[in-house]
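Chemist: Before we start, here is the structure in question, set down as structure tokens.
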Amino acid sequence: MNIKKLIYFLVLVIGLQSVYATNFTIPRLSPLPVEVENQKVPLSGRWQFNPSPEKNFWEKQQVNHWKNIEVPGEWVMQGFEVEKGKAAGYFRTFTVPSFWNGQRIKLRCNGIYSDSQIFINGKKAGSHLGGFTAFELDVTKLVEIGKENRIAVSVKSESLADSTSSGSQYAAHPLGGIPRDLYLFALPEVNLSMFHAATLFDSTYTDATLKTELEVTNESMAAAKGVSLHFTLKDKNGKEITLKQDTKSINKIGAGASEKMEVSFLIPKPEKWDSEHPNLYTFTCQLKEGKKVLYETTRRIGFRQIEVRGNQMYINNMPVKLRGACHHEVMPLRGRSVNEDMWRKDVELFRRGNVNYIRTSHYPPDEALLEACDELGMLLEVEAPFCWAHNTKFTEDDHARLINQHVEMVNLNRSHPSVIMWSMGNESLLYKEFFSKAAKIVKQMDPTRPRIFSQWGPDADEGELEVTNHHYPGPTGPDKYRNSKRPVTFDEFCHLNAYNRLEQAADPGLRSMWGPLLDRMWSDMYHSQGVLGGAIWVGIDDTFFLPEEKAVGYGTWGPLDGWRREKPEYWEMKKAYSPVKIRLKGNMSADGRVRFEVENRHNFSNLSECTIEWKVGEKSGKVAVDVAPRSEGTFEIQLPESLWNTKMLELTVTGVRGYNIDEYRFGLLPEQQKPQEQIQAGKLSYMEKDDVIEVQSKGGMFTVDKRNGLLSAGQGNNVVLLQSPTLMVLPLNGEGGGIQMTGENQKFDPYNPTCENWVAQSITCLPADDLVRIKVKGIYKEAEGTLEYRFHRDGNVTFAYDFTMLQDVSPRQTGLVFTLPSSFTHLDWRRKGYWSVYPTDHIAALEGEAEAFDTSLPVSGLAGPSKQPANSWSYDQTAAGSNLFRSTKENIYSAGLKNKSGRSITVLSDGTQHVRSWIEGDAIRLLIADYNNPGKENFLIPHAEKEYRPLRKGDKIQGKVTVSFHP
Numbered sequence: 000m001n002i003k004k005l006i007y008f009l010v011l012v013i014g015l016q017s018v019y020a021t022n023f024t025i026p027r028l029s030p031l032p033v034e035v036e037n038q039k040v041p042l043s044g045r046w047q048f049n050p051s052p053e054k055n056f057w058e059k060q061q062v063n064h065w066k067n068i069e070v071p072g073e074w075v076m077q078g079f080e081v082e083k084g085k086a087a088g089y090f091r092t093f094t095v096p097s098f099w100n101g102q103r104i105k106l107r108c109n110g111i112y113s114d115s116q117i118f119i120n121g122k123k124a125g126s127h128l129g130g131f132t133a134f135e136l137d138v139t140k141l142v143e144i145g146k147e148n149r150i151a152v153s154v155k156s157e158s159l160a161d162s163t164s165s166g167s168q169y170a171a172h173p174l175g176g177i178p179r180d181l182y183l184f185a186l187p188e189v190n191l192s193m194f195h196a197a198t199l200f201d202s203t204y205t206d207a208t209l210k211t212e213l214e215v216t217n218e219s220m221a222a223a224k225g226v227s228l229h230f231t232l233k234d235k236n237g238k239e240i241t242l243k244q245d246t247k248s249i250n251k252i253g254a255g256a257s258e259k260m261e262v263s264f265l266i267p268k269p270e271k272w273d274s275e276h277p278n279l280y281t282f283t284c285q286l287k288e289g290k291k292v293l294y295e296t297t298r299r300i301g302f303r304q305i306e307v308r309g310n311q312m313y314i315n316n317m318p319v320k321l322r323g324a325c326h327h328e329v330m331p332l333r334g335r336s337v338n339e340d341m342w343r344k345d346v347e348l349f350r351r352g353n354v355n356y357i358r359t360s361h362y363p364p365d366e367a368l369l370e371a372c373d374e375l376g377m378l379l380e381v382e383a384p385f386c387w388a389h390n391t392k393f394t395e396d397d398h399a400r401l402i403n404q405h406v407e408m409v410n411l412n413r414s415h416p417s418v419i420m421w422s423m424g425n426e427s428l429l430y431k432e433f434f435s436k437a438a439k440i441v442k443q444m445d446p447t448r449p450r451i452f453s454q455w456g457p458d459a460d461e462g463e464l465e466v467t468n469h470h471y472p473g474p475t476g477p478d479k480y481r482n483s484k485r486p487v488t489f490d491e492f493c494h495l496n497a498y499n500r501l502e503q504a505a506d507p508g509l510r511s512m513w514g515p516l517l518d519r520m521w522s523d524m525y526h527s528q529g530v531l532g533g534a535i536w537v538g539i540d541d542t543f544f545l546p547e548e549k550a551v552g553y554g555t556w557g558p559l560d561g562w563r564r565e566k567p568e569y570w571e572m573k574k575a576y577s578p579v580k581i582r583l584k585g586n587m588s589a590d591g592r593v594r595f596e597v598e599n600r601h602n603f604s605n606l607s608e609c610t611i612e613w614k615v616g617e618k619s620g621k622v623a624v625d626v627a628p629r630s631e632g633t634f635e636i637q638l639p640e641s642l643w644n645t646k647m648l649e650l651t652v653t654g655v656r657g658y659n660i661d662e663y664r665f666g667l668l669p670e671q672q673k674p675q676e677q678i679q680a681g682k683l684s685y686m687e688k689d690d691v692i693e694v695q696s697k698g699g700m701f702t703v704d705k706r707n708g709l710l711s712a713g714q715g716n717n718v719v720l721l722q723s724p725t726l727m728v729l730p731l732n733g734e735g736g737g738i739q740m741t742g743e744n745q746k747f748d749p750y751n752p753t754c755e756n757w758v759a760q761s762i763t764c765l766p767a768d769d770l771v772r773i774k775v776k777g778i779y780k781e782a783e784g785t786l787e788y789r790f791h792r793d794g795n796v797t798f799a800y801d802f803t804m805l806q807d808v809s810p811r812q813t814g815l816v817f818t819l820p821s822s823f824t825h826l827d828w829r830r831k832g833y834w835s836v837y838p839t840d841h842i843a844a845l846e847g848e849a850e851a852f853d854t855s856l857p858v859s860g861l862a863g864p865s866k867q868p869a870n871s872w873s874y875d876q877t878a879a880g881s882n883l884f885r886s887t888k889e890n891i892y893s894a895g896l897k898n899k900s901g902r903s904i905t906v907l908s909d910g911t912q913h914v915r916s917w918i919e920g921d922a923i924r925l926l927i928a929d930y931n932n933p934g935k936e937n938f939l940i941p942h943a944e945k946e947y948r949p950l951r952k953g954d955k956i957q958g959k960v961t962v963s964f965h966p
């Protein structure tokens with residue numbers, strides 16, 4: 000044993016001396032036999048269900064007049080209602096194969112929510128408390144081989160486990176049911192009851208020790224002799240790795256006895272497992288009696304080692320940063336019961352979004368998620384099922400039952416290389432009283448990983464655990480924890496817009512405005528040594544549609560919606576979390592060289608492992624870049640002479656695992672601005688009448704109503720502008736019917752109040768040959784001042800406004816709102832973006848088009864579509880229009896609305912103004928804003944408020960808008 004290993008084990012022993020005094024039992028969870036999928040008796044599918052079953056229903060040979068229900072599944076999501084605190088009944092039959100005779104028969108339940116009793120053929124097989132952890136029962140003596148058998152399950156949704164996990168409270172509906180898979184499988188009477196693996200590298204992180212912990216159990220009536228264990232290890236390509244002493248003999252195991260053991264193997268130069276190189280080995284253990292194979296099981300393992308040194312975490316001796324998202328198990332029509340291999344799909348989606356770390360808030364997931372993370376390369380913080388647990392009163396006996404869920408969590412999952420931390424629970428007080436003991440037990444079970452207590456602040460664990468955290472630390476957090484003694488994770492940060500539903504109903508553009516806030520925060524976190532990383536709250540919308548399409552849950556707080564469609568925040572997350580940051584170092588040189596600065600934020604990969612491809616027009620090439628992980632460097636591209644006058648270059652970065660991780664578009668040469676032509680086509684005429692002022696130009700006939708000073712425009716019967724404009728000083732509004740949707744009316748009218756009670760006080764006309772100016776002085780309830788219309792011969796009209804506030808307002812947007820006929824439903828725009836590249840259907844695309852409404856698509860509430868949609872998120876629509884149409888387009892150069900006849904108005908700007916359009920009654924409304932901010936989602940305010948500009952009474956609000964009319 001080398002010095003490093005000796006020190007490691009000594010520290011481990013000393014550190015755990017007090018821990019080992021803690022007595023606890025690890026419930027059996029058998030290592031599954033090879034090819035168990037082909038040998039098990041599945042119990043998923045159709046069951047009989049009764050929300051109020053008769054007493055001792057499990058004793059009946061059959062049940063009558065019960066309803067069909069699908070398992071896995073929740074009963075509420077299938078239209079059933081169970082009286083609170085009462086147990087529902089499940090019943091079905093199954094047949095045990097005749098060839099299972101003489102074997103031990105196990106029932107594996109991956110999750111029954113939340114307090115259950117299981118009966119086989121009328122006799123109790125066992126019970127379990129906890130809806131998010133797997134358990135196993137031996138039913139050998141209860142089943143009849145080769146015959147039809149009965150299984151009955153009594154399930155309570157409300158229980159101590161439900162209360163301490165806040166599971167039903169969190170999902171805003173009872174989670175009762177059998178939400179995860181269950182099945183029967185058979186084992187020989189002498190079998191493995193435990194098989195776990197862990198790895199430890201030498202001091203140079205070259206060679207590794209593979210340590211396996213096993214327990215062999217003799218469940219027969221006689222002593223077992225001549226039993227041996229045989230091990231094989233194969234790499235990812237199926238090549239067998241030679242193991243010294245690959246056999247372990249067991250002299251004798253008495254009837255009903257078990258023998259625990261540890262077996263270690265030295266593995267020279269294994270390929271390491273990390274999130275960028277998820278190299279998996281297959282570790283097989285055969286249990287033999289003589290030459291006869293009794294039992295064979297496998298583990299897919301990864302060679303990786305986790306260490307906490309000072310305020311950093313190291314994986315395989317590399318300091319890491321965690322780019323994370325919190326993850327709930329959620330499907331809109333199934334609740335917390337997930338199917339269709341959604342676990343793998345989620346990991347793939349997050350991985351493509353440049354996430355490298357998932358926190359399983361606030362409960363352990365189905366093991367299928369961990370298997371996907373192992374294979375695809377995703378780091379995991381697995382959280383015990385405790386959330387706001389201090390709100391529940393329980394006894395010391397209850398405490399022991401609850402700790403069992405920590406034990407079950409670790410026992411199932413500790414051989415998975417993707418798991419890098421155990422979380423003791425979420426946002427629960429009373430650590431010393433309720434969680435300290437559990438934390439010690441977790442450390443005893445698994446000394447190879449750090450622990451964390453996911454809380455509002457860093458001292459909730461009294462400094463006991465290896466990693467600490469802070470939920471929502473705000474933009475000052477990275478600097479605050481730069482020199483923290485322990486690594487700090489922001490387990491929840493940069494909360495997406497969710498509860499400010501009135502603002503969201505008006506402007507889906509808030510979702511793309513979240514991106515720059517995340518980018519600035521993550522960049523500060525990345526460059527703060529003490530900050531290990533963080534998890535965006537949260538990865539997927541938590542929205543459930545109960546029967547009758549009642550929407551419940553916390554709602555639309557994810558970069559992915561419940562249907563797993565990418566929302567605007569997904570691209571924002573992908574860009575902010577990009578591990579390859581490229582910046583142009585200057586203009587292209589005279590000889591066609593383009594220089595770049597690059598920051599490699601990968602934890603493990605040199606940039607040489609990535610592919611960076613450039614493209615100019617139809618020509619393209621690749622560039623090799625050698626920059627170590629977590630380092631900065633430069634590179635250059637030598638363009639051929641034929642491209643020396645090119646203006647735009649595109650870069651695409653493909654990661655080591657073969658998918659696109661980032662895209663850039665760079666302008667290489669300055670744009671040559673042509674001076675605006677001074678000659679204006681068209682005539683400009685002016686006529687003042689008793690009730691109106693008329694101005695004729697190339698843009699049509701403009702009419703100012705002398706009664707109110709408002710402007711309309713058109714040519715003959717072709718109206719392009721109804722009486723406008725109206726000043727908007729849109730207040731920030733964080734309201735939204737509470738933080739949860741509860742199935743009540745979830746209709747939120749768009750929050751679009753304009754200034755009220757306009758009274759025009761004077762109208763002044765100042766005509767000239769090339770410009771007609773009409774100045775209107777007036778007063779609103781909120782402000783007083785002037786509107787000025789400046790008519791140009793080319794059809795353009797400049798609207799200048801200058802108002803003084805009469806009251807205090809903290810605005811989200813300020814500007815002028817124009818009213819157009821309802822036929823002006825086609826929007827187009829061109830804008831300057833925060834990112835140089837956006838997807839074409841993104842609401843913040845640099846240029847694009849959108850229709851106000853699509854009659855072939857359904858109208859959704861704010862929670863989104865209640866049935867599986869075929870369209871992308873941008874085309875979801877409310878009565879106010881599609882998400883793409885009614886979202887703010889920031890920093891426009893131009894934006895226009897037109898009807899099917901081609902008549903249009905176009906806003907002309909310089910990249911500093913913003914537009915937003917929506918359907919309102921029988922008209923289209925268009926806001927042209929000089930000020931805009933990310934809104935008032937309460938959890939996001941610390942980030943957004945840097946852009947707030949509160950207006951006080953007496954403050955000025957001014958702007959100038961240019962619009963081109965084409966009647």
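Residue 0 is where the sequence shown starts when you use numbering that gives the first Met the number 0, and the numbers rise one by one after that.
Note that the Cβ used here is the ideal one computed from N, Cα and C, for glycine as well.
Per DSSP, Gly699 is paired with what?
Modeler: On the sequence shown, position 700 is the one that residue 699 refers to. Answer is Ser696.
Chemist: Where do the ends of the alpha helix (DSSP H) carrying Phe349 lie?
Modeler: Taking the first residue of the sequence shown as position 1, residue 349 is located at position 350. Start and end: 341–351.
Chemist: Let's see if you can read the secondary structure: which residues bound the alpha helix (DSSP H) around Ile940?
Modeler: Locating residue 940 in the sequence shown gives position 941, counting from the first residue. Note, Ile940: alpha helix (DSSP H), 940–943.
Chemist: Answer with buried or exposed for Ala976, where buried requires no fewer than 16 other C-beta atoms within 10 angstroms of its C-beta.
Modeler: The structure shown does not extend to residue 976, since the chain spans only 0 to 966, so no value can be given for it.
Chemist: Can you check the segment 492–559 for any beta strand (DSSP E) of at least 3 residues that lies completely inside it and give the ranges in chain order?
Modeler: 530–535, 541–545, 549–554
Chemist: Considering only C-alpha positions, which residue in the set Thr163, Phe938, Tyr779, Ile144 is nearest to Trp556?
Modeler: Within the sequence shown, residue 556 is the residue found at index 557, counting from 1. Taking only the C-alpha atoms, the option nearest Trp556 is Phe938.
Chemist: Give me, in chain order, the residues of the same chain whose beta-carbon lies closer than 8 Å to that of Arg400; leave out the 5 immediate sequence neighbours on both sides.
Modeler: For the purposes of this step, residue 400 is identified with residue 401 of the sequence shown, where counting begins at 1. Taken in chain order, the residues that qualify are Leu128, Leu159.
Chemist: Which residues in the same chain have their Cβ closer than 7 Å to the Cβ of Trp562, if we skip the five residues on either side of it in sequence?
Modeler: Walking along the sequence shown from the start, residue 562 turns up at place 563. Closer than 7 Å at Cβ, skipping near neighbours: Pro331, Gln867, Pro868.
Chemist: Find the nearest neighbour of Pro178 within the set Lys287, Asn148, Tyr930, Glu328, judged by alpha-carbon distance.
Modeler: Within the sequence shown, residue 178 is the residue found at index 179, counting from 1. Taking only the C-alpha atoms, the option nearest Pro178 is Glu328.
Chemist: Under 9 Å, Cβ to Cβ, is there at least one residue of chain D near Glu687?
Modeler: Absent from the structure: chain D. Only one protein chain is present.
Chemist: Does DSSP put Met330 in a helix, a strand or coil?
Modeler: Translated into positions along the sequence shown, residue 330 becomes position 331. Residue state, collapsed to three classes: strand.
Chemist: Give every residue of the same chain whose Cβ lies closer than 7 Å to the Cβ of Pro416, excluding the five residues on either side of it in the sequence, and list them in chain order.
Modeler: The residue you call residue 416 lines up with position 417 of the sequence shown. Excluding residues within five positions, the ones whose Cβ falls inside 7 Å are Trp272, Ile300, Gly301, Arg303, Asp373.
Chemist: With three or more C-beta pairs closer than 8 Å as the rule, is the segment 461–469 touching the segment 42–56?
Modeler: No: fewer than three Cβ pairs fall under 8 Å.
Chemist: On the CB-based measure, 16 or more other CB atoms within 10 Å of its CB, does Ala589 come out buried or exposed?
Modeler: For the purposes of this step, residue 589 is identified with residue 590 of the sequence shown, where counting begins at 1. Burial call: exposed.
Chemist: For Gln760, I'd like the list of residues in its chain whose CB is within less than 8 Å of its CB, leaving aside the five on either flank, ordered along the chain.
Modeler: Residue 760 sits at position 761 when you count from the first residue of the sequence shown. Hits under 8 Å: Lys776, Gly777, Ile778.
Chemist: Give me the Cβ distance between Glu147 and Thr211, rounded to the nearest whole Å; I'm assuming they're in contact under 8 Å.
Modeler: The residue you call residue 147 lines up with position 148 of the sequence shown. The residue you call residue 211 lines up with position 212 of the sequence shown. The beta-carbon distance between Glu147 and Thr211, rounded to whole angstroms, is 40 Å. This is too long to meet the 8 Å contact definition.
Chemist: Taking the alpha helix (DSSP H) that Trp570 falls in, what are its first and last residues?
Modeler: Counting from one through the sequence shown, the residue named residue 570 turns up at place 571. Residues 567–575.
Chemist: Kindly identify the DSSP beta-bridge partner or partners of Trp828.
Modeler: Translated into positions along the sequence shown, residue 828 becomes position 829. In the DSSP secondary-structure assignment, Trp828 is bridged to Gly847, Ala894.
Chemist: Helix, strand or coil: which one does DSSP assign to Asp180?
Modeler: Mapped onto the sequence shown, residue 180 falls at position 181. Three-state DSSP puts Asp180 in coil, outside helix and strand.
Chemist: Say whether the segment 902–911 touches the segment 867–882, bearing in mind that this needs 3 or more beta-carbon pairs closer than 8 Å, one atom from each stretch.
Modeler: no
Chemist: Could you give the distance in angstroms between the alpha-carbon of Gly532 and the alpha-carbon of Glu783?
Modeler: Position 533 of the sequence shown, counting from 1, holds the residue named residue 532. Position 784 of the sequence shown, counting from 1, holds the residue named residue 783. Within the model, the alpha-carbon separation for Gly532 versus Glu783 is close to 49 Å.
Chemist: From Thr281, Pro277, Ile240, pick the residue whose C-alpha is nearest to that of Leu265; which is it?
Modeler: Within the sequence shown, numbered from 1, the residue matching residue 265 stands at position 266. Looking at the Cα atoms, Ile240 is the closest of the given residues.
Chemist: DSSP three-state label for Val906, please.
Modeler: The count along the sequence shown starts at 1 and reaches residue 906 at position 907. If DSSP states are grouped into helix, strand and coil, Val906 belongs with the strands.
Chemist: Give a yes or no on whether the C-beta atoms belonging to Gln503 and Leu861 are separated by under 9 Å.
Modeler: Counting from one through the sequence shown, the residue named residue 503 turns up at place 504. Counting from one through the sequence shown, the residue named residue 861 turns up at place 862. Yes, they are a contact pair.
Chemist: With a 10 Å radius around its C-beta and 16 neighbouring C-beta atoms as the bar for buried, classify Ile581 as buried or exposed.
Modeler: One-based indexing of the sequence shown puts residue 581 at position 582. Buried.
Chemist: Going by DSSP in three states, Gln806 sits in which element: helix, strand or coil?
Modeler: Your numbering for residue 806 matches position 807 in the sequence shown. Gln806 falls in the coil class under three-state DSSP.
Chemist: For the beta strand (DSSP E) containing Asp114, list its first residue and its last residue.
Modeler: As a working note, residue 114 is residue 115 in the sequence shown. For Asp114, the enclosing beta strand (DSSP E) covers residues 114–119.
Chemist: Could you pull the start and end residues of the beta strand (DSSP E) that His64 belongs to?
Modeler: In the sequence shown, residue 64 corresponds to position 65, counting from 1. Where His64 is concerned, there is no enclosing beta strand (DSSP E), given that its DSSP letter is neither H nor E.
Chemist: Let me know the secondary structure DSSP gives Thr139 once reduced to three states.
Modeler: Numbered from 1 along the sequence shown, position 140 holds the residue referred to as residue 139. Reduced to three states, the DSSP call for Thr139 is coil.
Chemist: Decide yes or no for the touch test of the segment 59–78 against the segment 129–141: beta carbon pairs closer than 8 Å, at least 3 of them.
Modeler: no
Chemist: Which of the three DSSP states, helix, strand or coil, is assigned to Gly309?
Modeler: As a working note, residue 309 is residue 310 in the sequence shown. Residue state, collapsed to three classes: coil.
Chemist: Run through the DSSP bridge pairs and tell me what Trp74 is partnered with.
Modeler: Residue numbering aside, residue 74 sits at position 75 when the sequence shown is read from its first letter. None; Trp74 has no bridge partner.
Chemist: Three-state secondary structure (DSSP) at Met613?
Modeler: Within the sequence shown, residue 613 is the residue found at index 614, counting from 1. Note that residue 613 corresponds to Trp in the displayed sequence, not to Met. Strand at Trp613.
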